[in-house]
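In the numbering used here, the protein residues as written are 116 to 197.
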C-alpha cells in the first residue's frame, strides 16, 4: 500500500527530482512535495486503486498529510482480500 502511494506520487505528481527518496513521514503539502491539485489527483488515484470512496468529511489534512497518515486512513477503509 505504501509503495503504491510512493510510486504514484513519485512518477505522476512530482514535477522535479527530489534530492532524496520520498519518505512515508514527509509532509506532502506543507513540504511542497505536491500542491492542492496534486492532492486531488492523489485522492482520485486512491479511490480508483483501492476501490473506496473518500467522503467529504474525510477530506481533512490529518488523513492526507503524509504517506503514513494516508496508509493509516486506508487501513480503516479498505477491506482486506480473503
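Backbone N, C-alpha and C define an ideal beta-carbon position, used for all residues, glycine too. These numbers come from a predicted model, not from an experiment.
Inter-residue spacing [alpha-carbon to alpha-carbon] between residue i and residue j
{"i": "residue 138", "j": "residue 124", "result": "11 Å"}
{"i": "residue 160", "j": "residue 172", "result": "18 Å"}
{"i": "residue 147", "j": "residue 180", "result": "11 Å"}
{"i": "residue 149", "j": "residue 129", "result": "7 Å"}
{"i": "residue 178", "j": "residue 141", "result": "13 Å"}
{"i": "residue 144", "j": "residue 193", "result": "24 Å"}
{"i": "residue 166", "j": "residue 184", "result": "18 Å"}
{"i": "residue 189", "j": "residue 152", "result": "20 Å"}
Counted within 10 angstroms of its Cβ, other Cβ atoms place residue i as buried (16 or more) or exposed
{"i": "residue 174", "result": "exposed"}
{"i": "residue 197", "result": "Because residue 197 sits at a pLDDT of 48, beneath the cut-off of 50, its placement in the model cannot be relied upon, and the following sentence gives the value as read from the coordinates. Classification of residue 197: exposed, given that the 10 Å Cβ count is below 16."}
Cut-off 8 Å between Cβ atoms - residues of its own chain near residue i, not counting five sequence neighbours on either side
{"i": "residue 186", "result": "116, 117, 120, 139"}
Coarse secondary structure for residue i, derived from DSSP in three states
{"i": "residue 169", "result": "coil"}
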